[in-house]
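A short write-up of the structure that comes next.
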Amino acid sequence: MKVSRIVIVLLLVLISSCDSKAVFDKYKNVSTAWNKEDVVQFKINAPDSIQPYNLFVNVRNTNDYKFSNLYLIVTMDFPHGKTLTDTLEYDMTTKNGEWLGQGLSSVKENKLWYKKGVIFNEDGTYNVSIQQAMRKNGDVNGVVNLEGITDVGFRIEKTE
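Structural data, given as structure tokens:
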């Protein structure tokens, strides 16, 4: 019994130590459907103001996700008032319809590039807001409740 506990503890330590690049990595649950009015927000204290970082939007999806791509509106508010807003499109499947995300179960995790080589040169708190912007072909109005997205995250990594 003691040996199996030691093995479990060692595995957990190894898994957590494999991610030494992460500076910030958080997820927020969006329930069973992501409403177009629900904005997922992250408050980030500025890391090192000299080193460049890579930024990612992380998304977990299930087989209930009915699209091959994903449109997001990502806004970053800087501490001193500057705001950057980007409308981003990501492929979620291959041309064959296979999920691009990683995972052994029905939940796939997608690490989506947001920005490369960002330097947080303003002291203070940065606010990142992520909102889904999906539409069906030919529809003017967006998808109100986007099914199949379970969690939305934001990640900051050290560059190599």
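Under the numbering used here, think of the first position of the sequence shown as 304, with each following residue one higher.
Idealized CB from N, CA, C, for every residue including glycine.
The structure presented is a predicted model; accordingly, all values stated were derived computationally and were not measured.
1) Hey, T378 and G420: beta-carbon distance below 8 angstroms or not?
2) Kindly indicate which residue of F370, T390, T386 and I376 has the alpha-carbon position closest to the one of W402.
3) State the CB to CB distance for the pair I433 and N364, rounded to an integer number of angstroms; the pair is presumed to be in contact (CB under 8 angstroms).
4) Can you give the Cα-Cα distance for R458 and K324, rounded to whole angstroms?
5) Which value, in whole angstroms, describes the spacing of the CA atoms of F345 and L375?
6) For a test of the three-state rule: what should DSSP assign to M379, helix, strand or coil?
7) Report yes if the C-beta distance between D426 and P355 is below 8 angstroms; otherwise report no.
8) From S334 to I353, what distance separates their C-alpha atoms?
9) Which residue wins for smallest C-alpha separation from K329, given the options V342, D341 and F359?
10) Could you check where the beta strand (DSSP E) with N364 kicks off and where it finishes?
11) Roughly how many angstroms separate the alpha carbons of A336 and N424, rounded to a whole number?
For this structure:
1) Their beta carbons are not under 8 angstroms apart, which means T378 does not touch G420 by this criterion.
2) It is F370.
3) The beta carbons of I433 and N364 sit about 14 angstroms from each other, so the pair does not count as a contact at 8 angstroms.
4) The straight-line gap separating the alpha-carbon atoms of R458 and K324 is approximately 10 angstroms.
5) Cα to Cα, F345 sits roughly 15 angstroms from L375.
6) Taken through DSSP and simplified to helix, strand or coil, M379 comes out as strand.
7) No, Cβ-Cβ distance for D426 and P355 is not below 8 angstroms.
8) Straight across, the Cα-Cα distance linking S334 with I353 is about 37 angstroms.
9) Nearest option by C-alpha distance: F359.
10) In the DSSP assignment, N364 falls within the unbroken beta strand (DSSP E) covering Y356 to N364.
11) A straight line joining the alpha-carbon of A336 with that of N424 spans about 36 angstroms.
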